[in-house]
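A quick write-up on the structure given underneath.
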Amino acid sequence: MTLRLVFERVDLQRVRLATAPDPLWEVVSSVALVHGPGYAKWRLRARPDDSTLDDIAFLRALVPPRGDFPDFLTPSPTTADLDDGCEAILRTTRGVLSADVAAAFTDRPVPGWAKLLAAGDRDQVARVASSVRRGHRHLVAPQWDRVRHFIAADRAKRIEIVGTHGVEHLLTTLPGVRSWDGSTLVVRYPRDRAVRLRGRGLTLVPSYFTTGTPVTLIDQELPPVLVYPVGAAEPHSVATGGLDRLITRTRAQCLHVLLAPHSTSALAHRLGVSVGTASKQAMVLRECGLITSTRDGAAVVHRTTDMGLALLRGPVG
Numbered sequence: 001m002t003l004r005l006v007f008e009r010v011d012l013q014r015v016r017l018a019t020a021p022d023p024l025w026e027v028v029s030s031v032a033l034v035h036g037p038g039y040a041k042w043r044l045r046a047r048p049d050d051s052t053l054d055d056i057a058f059l060r061a062l063v064p065p066r067g068d069f070p071d072f073l074t075p076s077p078t079t080a081d082l083d084d085g086c087e088a089i090l091r092t093t094r095g096v097l098s099a100d101v102a103a104a105f106t107d108r109p110v111p112g113w114a115k116l117l118a119a120g121d122r123d124q125v126a127r128v129a130s131s132v133r134r135g136h137r138h139l140v141a142p143q144w145d146r147v148r149h150f151i152a153a154d155r156a157k158r159i160e161i162v163g164t165h166g167v168e169h170l171l172t173t174l175p176g177v178r179s180w181d182g183s184t185l186v187v188r189y190p191r192d193r194a195v196r197l198r199g200r201g202l203t204l205v206p207s208y209f210t211t212g213t214p215v216t217l218i219d220q221e222l223p224p225v226l227v228y229p230v231g232a233a234e235p236h237s238v239a240t241g242g243l244d245r246l247i248t249r250t251r252a253q254c255l256h257v258l259l260a261p262h263s264t265s266a267l268a269h270r271l272g273v274s275v276g277t278a279s280k281q282a283m284v285l286r287e288c289g290l291i292t293s294t295r296d297g298a299a300v301v302h303r304t305t306d307m308g309l310a311l312l313r314g315p316v317g
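End of the sequence shown = 317 in full-length UniProt numbering, gap-free, step of one.
This is the structure:
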């Protein structure tokens, strides 16, 4: 199944990259993952209290591990400020609440409180905003420095790609992209969906806690966004120190850098080594199945594979 984003020529001139993490998208994504496989250590370390667990359970009823959730949880346009986002949630109109709840619960039962929410009950709206704040405090805020680091690194690389190869090449390098034919971007998605941009452009939002396929909004009349994973969402991801004894420090650093695609020369610059040394390190990692290397014109672009990412993340459970 795929998401098809249909561009007009003007839309390519209106592709934007979010300048900072969006705290509401991070909360929603973290809630969807918090009870998933691989998060046992995080849950054990976080030790949420009963009231926080109630808030998370409440949000999880709105945000399933896979599938749609109400658009009003991630207000448009995207924001880097949690307070602004929560205020936007509180301002959600009854009509939007009704439409969003209906769209998100098409294939699952609607709880009684969600029916009240859809009817515009302000106490339920306030509960949503409060739960988002508590979810952010408990799930996202402890990782915020790491979130900013990974997203800043990803953004820098995307800007470099645009400067060197243009916007169309940027689109083809996004996680989950299957094809680009000059007018339609086809992306892996949990269900078949098509979105026509109609000259409105597209905002790309890198997300630390988003994993797997990119995410977009349900309502096609909202400003189009595509939220994509930066490739290191699990909170217990380890620093390269634990890998040093296994694959040498330089190769461990190389794996970490290649969470975002880099050419050989860019990799050498990041590692502080010669291009020849970077090429040799990449060759070893590629032969072990830890990275892939693809030719892009005169350059070779490397990126960490799922196996390499699993090695960086370390043992789970």
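Ideal Cβ positions, reconstructed from N, Cα and C, are used throughout, including at glycine. As the structure is a prediction and not an experimental result, all values here were calculated from the model.
If you draw a straight line from the alpha carbon of residue i to that of residue j, how long is it in whole angstroms?
{"i": "T74", "j": "A32", "result": "14 Å"}
{"i": "L312", "j": "L271", "result": "17 Å"}
{"i": "A239", "j": "V301", "result": "Annotation note: pLDDT 40 at A239 (below 50); position unreliable, coordinate value reported separately. Taking the straight line from one Cα to the other gives about 23 Å."}
{"i": "H236", "j": "I56", "result": "Low local confidence applies: a pLDDT of 37 at H236 is under 50, so the model's placement there is unreliable, and no value is given."}
{"i": "L255", "j": "R178", "result": "24 Å"}
{"i": "V63", "j": "S274", "result": "47 Å"}
{"i": "D84", "j": "E221", "result": "21 Å"}
{"i": "S263", "j": "A298", "result": "10 Å"}
{"i": "G166", "j": "D121", "result": "47 Å"}
{"i": "I159", "j": "V140", "result": "26 Å"}
{"i": "L82", "j": "D22", "result": "8 Å"}
Helix or strand or just coil, what does DSSP make of residue i?
{"i": "T172", "result": "helix"}
{"i": "P214", "result": "coil"}
{"i": "R14", "result": "coil"}
{"i": "A194", "result": "strand"}
{"i": "L33", "result": "helix"}
{"i": "S263", "result": "strand"}
{"i": "T248", "result": "coil"}
{"i": "P206", "result": "strand"}
{"i": "L311", "result": "helix"}
{"i": "S179", "result": "strand"}
{"i": "T240", "result": "Residue placement at T240 is flagged as unreliable, the pLDDT there being 41, under the threshold of 50; a coordinate-derived value is accordingly withheld."}
{"i": "R200", "result": "coil"}
{"i": "L24", "result": "helix"}
{"i": "T19", "result": "coil"}
Identify, in the order they occur along the chain, each residue of the same chain with its Cβ nearer than 6 Å to the Cβ of residue i, setting aside the five sequence neighbours on each side.
{"i": "S98", "result": "A118"}
{"i": "I218", "result": "D68, D71 and A103"}
{"i": "R60", "result": "V31"}
{"i": "R193", "result": "L3"}
{"i": "T92", "result": "F72"}
Kindly indicate if chain C contains any beta-carbon less than 8 Å away from that of residue i.
{"i": "T210", "result": "In the structure shown, chain C does not exist; there is a single protein chain."}
With a CB to CB cut of under 7 Å and the five nearest residues on each side skipped, what residues in its chain are close to residue i?
{"i": "R155", "result": "L17 and P206"}
{"i": "R251", "result": "Q281, V284 and L285"}
{"i": "T52", "result": "R134 and H138"}
{"i": "Q29", "result": "Rather than Gln, the amino acid found at residue 29 in this sequence is Ser. Around S29: S207, F209 and T210."}
Which same chain residues, not among the five before or five after residue i, have their C-beta less than 8 Å away from its C-beta?
{"i": "A126", "result": "L90"}
- Task: Run through the stretch 41 to 122 for me and flag every whole alpha helix (DSSP H) of 4 or more residues, listed as ranges in chain order.
- Result: Given a length threshold of 4 residues, each whole run of the alpha helix (DSSP H) inside the stretch 41 to 122 is given here in chain order: 50 to 62, 82 to 90, 94 to 104 and 112 to 118.
- Item | Stretch-stretch touch, CB-based, cutoff 8 Å, three pairs: the stretch 10 to 24 with the stretch 197 to 211 | yes
- Any contact of the stretch 211 to 228 with the stretch 183 to 196, i.e. 3+ C-beta pairs under 8 Å? Cβ pair count under 8 Å is three or more, so yes.
- Query: Along the chain, which unbroken stretches of the beta strand (DSSP E) at least 3 residues long are found entirely within the stretch 273 to 307?
  - Reply: Listed in chain order, they are 291 to 296 and 299 to 304.
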